[in-house]
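In this note's numbering, the protein residues as written are 953 to 1292.
Just so it is clear, CB atoms sit at the ideal spot from N, CA and C, and this is done for glycine as well.
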Ligand SMILES: [Zn+2]
Ligand SMILES: [Zn+2]
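In structure tokens form, the structure reads like this:
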């Protein structure tokens, strides 16, 4: 079965960490962090519907201008998430430019900005090109169960870790994955058709068992129709398996509280993208800089039960030694090295 989520680190291990997550067959993507995005072609940027910014240190947010430049006049909206102060930060970026003709741009571009506070309250504001990006505040909502974004097949959760400043770590979760059991479908005497998509969506949206599904299909004998309930079809023709989960954690320091936060948020992820800024030999320096060492990153991945771990955000001081840093992460993840 094809994967729904196709994650890609935009830059090499020494570049700004940016994770672009494409959706299979949807011409849409999510993006985590907004530093250097020059390597992403415009067609990939235009797919981005939601951007999750861990914190507004420059290496995680300066690509905002590139994104805006590409989407303006081409896209109708983007939702941006960030931590404390984020709405003001977006506002400042927007108002560093002169917009005397922007109201004429087609289509209208609306930036919906969501700012998660340490108290779990999400402040919301919108900025439209029609009004030269004047800030319009919307009602705040309270976060439930760490869920920042929720849609039919995917949700994104976020929690704060400490990086000398609050920084968000994210996990993107494909909800249950529904597979068609072709053999059981044949045993039922029906064929595939557009109705299967409707059934999958009903199952993912937790539709009631008695909700009707109109089966329509065509074979050599001609056109067929039949009505069955979601409850009847669910178990007969579909297998429900857990969806893919991807973690993204950068920047943070190695404190027990950060580790606990990540271990519970990222438990059992299929892949964890995690900063591995310094070698463990430089761990005092890492602590002063509020960053992890490679060994600490690997240990977090191991304690979270991550099924694989990918390093990012290596310090340029190890240029030419990326293999060494990555080997340290993998050894700690595999439990070969002693705990950090
Ligand atoms: Zn930072
Ligand atoms: Zn950084």
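In the assembly as shown, residue 1210 is a buried residue. Its beta-carbon has 16 or more other beta-carbons within 10 Å. Put simply, of 1177, 1261, 1171 the residue whose alpha carbon is nearest the alpha carbon of residue 1164 is 1177. For residue 1023, the uninterrupted alpha helix (DSSP H) segment begins and ends at 1016 to 1023. Residue 1198 places its beta carbon 8 Å or farther from that of residue 1180. If you draw a straight line from the Cα of residue 1032 to the Cα of residue 1131, it is about 32 Å long. Remark: the C-beta of residue 1071 is outside contact range of ligand 1, defined as less than 7 Å to any heavy atom. Annotated three-state conformation of residue 1200 is strand, per DSSP. DSSP, read as helix, strand or coil, puts residue 1252 in helix. By alpha-carbon distance to residue 1123, the top candidate from 965, 1235, 962, 983 is 983. The continuous beta strand (DSSP E) containing residue 983 extends over residues 981 to 984. For residue 1242, the CB contacts under 6 Å within the same chain, skipping 5 residues up- and downstream, are 1115, 1116, 1205 in chain order. A distance filter of 5 Å between CB atoms and the heavy atoms of ligand 2 selects the following residues in sequence order: 1011, 1203. Leaving aside the five residues that flank residue 969 on each side, the residues in its chain whose CB is nearer than 6 Å to its CB run, in chain order, 985, 1202, 1264, 1265.
Remark: the shortest separation between the CB of residue 1009 and any heavy atom of ligand 1 falls under 7 Å.
A straight line joining the alpha-carbon of residue 1072 with that of residue 1108 spans about 15 Å. With at least 16 other beta carbons inside 10 angstroms of its own, residue 1225 counts as buried. Within the segment 1148 to 1199, the complete alpha helix (DSSP H) segments at least 4 residues long are 1182 to 1189, listed from N- to C-terminus. Exclusion of the five residues before and after residue 967 leaves 988 as the residues of its chain whose Cβ lies within less than 7 Å of its Cβ. Shortest Cα-Cα distance from residue 1196 to any of 1125, 1255, 1145 involves 1125.
Collapsing the DSSP output to three states places residue 958 in a strand. Remark: the C-beta of residue 1115 is in contact range of ligand 1, defined as less than 7 Å to any heavy atom.
Cβ contact annotation for residue 1025 (same chain, cutoff 8 Å, sequence separation greater than five): 1057, 1058, 1059, 1061, in chain order. Shown here, residue 964 sits in coil according to DSSP, grouped into three states, outside any helix or strand.
Between residue 1089 and the set 980, 964, 1065, the nearest pair of CA atoms involves 1065.
If you look at residue 1046, you'll find it in the alpha helix (DSSP H) that goes 1038 to 1046.
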